[in-house]
Structures are given as C-alpha cells and as structure tokens.
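Residue numbers (our numbering): 1159 to 1524. Ideal Cβ placement from N, Cα and C applies to all residues, glycine included. To keep things clear, I will list the structure first and then write my remarks on it.
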C-alpha cells in the first residue's frame, strides 16, 4: 500500500498527477511541469518533501559518532543552525546516502535523509550508533516543505510576525533556525535542491496543510517531482539512485569536495577512498550538453573515443537552456567532445563544467 504525506488530499484537490516515488504517492506535476520549473527559476514555487526523513541525534557522543559516520566533518560546525552536506559511506566507500546535517550543539544534531533510502539509512545508523552514547530519533511527526525561487524567501517570510520575519530573512546560506509558526515550533533552513534561493521548512505534520494554503494564497506555485528533477539537474545536483549509489564512491560522483581527510579521523570508507586515490580514480561525473537534436535520458551509452565508454546517469530537456542536458559517468581521460547513443544514433555532446544553471542564470556556453 502506498504511503501518503499529510498533503496527499490537497494534492488531489489541486489536480496533481500522482506517481509512485519510493513507495509514496507524490505529485509529478499539477498540469505543466515546464511552467512549474519556470515559476521556481523566475518567482517562487513550493514542493511537498514530507516523504523525506528527519532524524534527531542526541547524546554526549553525538559529535564523535557523526565524525565516524560521515565523510564530511561535523567538527567544522560550531554555530547553532549551521548545516553541512555529506555522504554516508559503507566500508568500500560506496554511497549509502547523501544527506544534510544541522548543528544544534555538540550533543544535538538533526539529519535529513532521502525518502527512498530512509529505512536502510536508519538501520545502518542504528548499527553504527550502538558503540556510542547517542540516541537516534526518527521524527515521523514532522512534515517538510521546500519553498524555492528568487522571491521565495520574501513570500514565505511575509506570512510570519515581524520579529520572526526579520529573523528568517537574516539567515545565511546553509543555516537554519527554530521559530514559532502556526501555533507551534518550526525549523526553517536556508537550503534547497533547485539551484535557487529559498527555505526548507520542517514543522508538525498537523500544521503543514495550513502553511501550504497560506503559501498558495501568497502566490507560491505548487510544483511536483518533474520540475524538482529538471531544476536539480540544471543545478548539477546528484540524485541518489541515479547519479550515485553503493556501487560508486564520492570521488566518482563529483563529490570529492565533501570529503575531509585532515585532521585525521577514522570515518567509514576512509581507507577505501585513500586506496582509490592512490590507484587513480578511473571515472568521473560530468555534465553533458547535447549539440545535436535529441533528448538525453539516463542509462545511455557515452562514447569517449580512445578513453573508452561511459553512461549517462540523469538526463532531460532543460527548460532554462532550451537544450538537452545530462550527468554522465565517463572515463577520467575522456575528451571534451563525446557521442551519446540516443535510440541507436550517435549524437554529439560536449562535456561542460557543472552547474548548468545557478540562480536562474545559464553558466554554460550554448
């Protein structure tokens, strides 16, 4: 039986096309994926992301535990509310999941993990936590909305009393703060998955419909998974299960920047990463811009000349660029120009630096 977020009935009332996503019935779009994409790039859109799992960690060894669990280093976090993006690895350096961790203090952290991996993540975290004095608490009582776009913060903040409004508008990038909203406590983070500015708001599930309706009345457009995917692809952001998984390491997934080796600490996957670095990383994740007519999708063969072959991991039409784009894992020595097998035809594509788009502005030459 499919799982439903607290906004399920509201999605149906708004005419959403619902699809299965990791066992959840979620909106793909509300009529036009392209229009929803442009709303986020040009104004403000909102996404129901209540299927994602919030996990609170509390205990005297919470910091030590996360320094062991994650490939990025939570010791970098010293200010309440500051956030960090990290991969959680297995011993072979395969990516179990990517997540965001928020710092409360050295004894309290909040994680947000992906919906499709939540049960697997919790089992892994629970096993690793057994050796530490830390309590792991999945927050199934919370819902979560992402409000994204150049006008998203102003429209969301406009729903708050003056004091709280000023507080959230002062939030720095990748910083969160608790505040009172709709008669209860909320956790507002200046984070997102679209390449635009905005908030991700965690609050009690019983209040999320009211917040959704208020944002709708403020002119924030409902958006579904389709727009979320094209937006994150333009922003060069990995999707777990497509662009990385337990068979790939961060070094092969464009995420080397999330790895912290110094000062020395024994995080899970460290030795495998060092061995891979010493041997030479054989593959890299890159952006592709299609130069011929066609549409790039995932799992298409990429021909990189004498360097060998690779494969697209995500691909779509880019509404902002009006071109087809993809992420692809290809041999490390691949040239700038490659070919992609699209329905039996080899089409020309150019390897480009990611992201394709950021804050509504194209970053690649067309």
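Which listed residue (1229, 1393 and 1500) has its alpha carbon closest to that of residue 1520: In the chain shown, residue 1520 corresponds to position 362, counting from 1. With distances taken between Cα atoms, residue 1520 lies closest to 1393.
For residue 1160, which residues in the same chain have their Cβ closer than 8 Å to its Cβ, ignoring the five residues on either side in sequence? As a first step, residue 1160 is located in the chain shown; it is residue number 2 there, counting from the start. Excluding sequence neighbours, residue 1160 sits near 1178, 1181, 1182 and 1183.
Helix, strand or coil at residue 1301 [DSSP, three-state]: Here residue 1301 refers to the residue found at position 143 when the chain shown is read from its first residue. Reduced to three states, the DSSP call for residue 1301 is strand.
Quick test of the definition: if touching needs 3 or more C-beta pairs under 8 Å, does the stretch 1294-1305 touch the stretch 1354-1373? yes
Residue 1223 - containing alpha helix (DSSP H), residue span: In the chain shown, the residue the question calls residue 1223 occupies position 65. First-last of the alpha helix (DSSP H) with residue 1223: 1220-1227.
If I measure Cβ to Cβ from residue 1516 and keep anything under 8 Å in the same chain, skipping five residues before and after, which residues do I get? Residue 1516 sits at position 358 when you count from the first residue of the chain shown. Counting only Cβ-Cβ distances below 8 Å, and skipping sequence neighbours, we find 1353 and 1393.
Whose C-beta lies closer than 6 Å to the C-beta of residue 1322 among residues of the same chain, with five residues either side of it excluded? Locating residue 1322 in the chain shown gives position 164, where the first residue counts as 1. The answer, listed in chain order, is 1337.
Got a sec, what are the start and stop residues for the alpha helix (DSSP H) residue 1458 sits in? On the chain shown, position 300 is the one that residue 1458 refers to. From DSSP, residue 1458 is part of no alpha helix (DSSP H); its letter is neither H nor E.
Would you call the CB atoms of residue 1376 and residue 1463 closer than 8 Å? On the chain shown, position 218 is the one that residue 1376 refers to. On the chain shown, position 305 is the one that residue 1463 refers to. Contact: no.
Kindly indicate which three-state DSSP category residue 1470 falls into: helix, strand or coil? What you label residue 1470 is simply residue 312 of the chain shown in a count that begins at 1. Here residue 1470 sits in strand by DSSP.
Give the C-beta separation of residue 1314 and residue 1373 to the nearest angstrom, bearing in mind that I take them to be a contact with Cβ-Cβ under 8 Å. Start at 1 with the first residue of the chain shown, and residue 1314 comes out as number 156. Start at 1 with the first residue of the chain shown, and residue 1373 comes out as number 215. About 7 Å; that satisfies the 8 Å criterion.
Between residue 1243 and the ligand ADP, is there a pair consisting of the residue's CB and a ligand heavy atom that are separated by less than 7 Å? The ligand ADP is absent from the structure shown, which contains no ligand whatsoever.
Whole-angstrom distance between residue 1242 and residue 1480, CA atom to CA atom: For the purposes of this step, residue 1480 is taken as the residue at position 322 of the chain shown. For the purposes of this step, residue 1242 is taken as the residue at position 84 of the chain shown. Those two C-alpha atoms are separated by around 32 Å.
Curious, which full-length alpha helix (DSSP H) runs of at least 4 residues does the stretch 1230-1269 contain? Complete alpha helix (DSSP H) runs here, min 4: none at all.
Which residues share a DSSP beta bridge with residue 1335? Position 177 of the chain shown, counted from the start, is the residue given in the question as residue 1335. Residue 1335 pairs with 1346.
Could you tell me whether the stretch 1388-1407 touches the stretch 1475-1493, using the rule of 3 or more Cβ pairs below 8 Å? yes
So, using beta-carbon positions, are residue 1599 and residue 1460 closer together than 8 Å? Here the chain has residues from 1159 to 1524 only, and residue 1599 is not among them.
Taking 8 Å as the cut-off, does the stretch 1193-1204 touch the stretch 1263-1275 (at least 3 CB pairs, one atom from each stretch)? In short, these stretches do not touch, since the Cβ pair count stays below three.
Rounded to a whole number of angstroms, what is the C-alpha to C-alpha distance between residue 1458 and residue 1469? Here the question's residue 1458 lines up with position 300 in the chain shown. Here the question's residue 1469 lines up with position 311 in the chain shown. So the two alpha carbons sit approximately 5 Å from each other.
Going by alpha carbons, who is nearest to residue 1335 out of 1320, 1417 and 1357? Taking the first residue of the chain shown as position 1, residue 1335 is located at position 177. Comparing Cα positions, the closest option is 1357.
If I follow the unbroken alpha helix (DSSP H) through residue 1292, where does it start and stop? Here residue 1292 corresponds to residue number 134 of the chain shown, with the count starting at 1. Unbroken run through residue 1292: none, as it is neither H nor E.
Measuring alpha carbon to alpha carbon, tell me which residue in 1283, 1305 and 1187 is nearest residue 1198. For the purposes of this step, residue 1198 is identified with residue 40 of the chain shown, where counting begins at 1. Check the Cα spacing between residue 1198 and each of 1283, 1305 and 1187: the tightest is with 1305.
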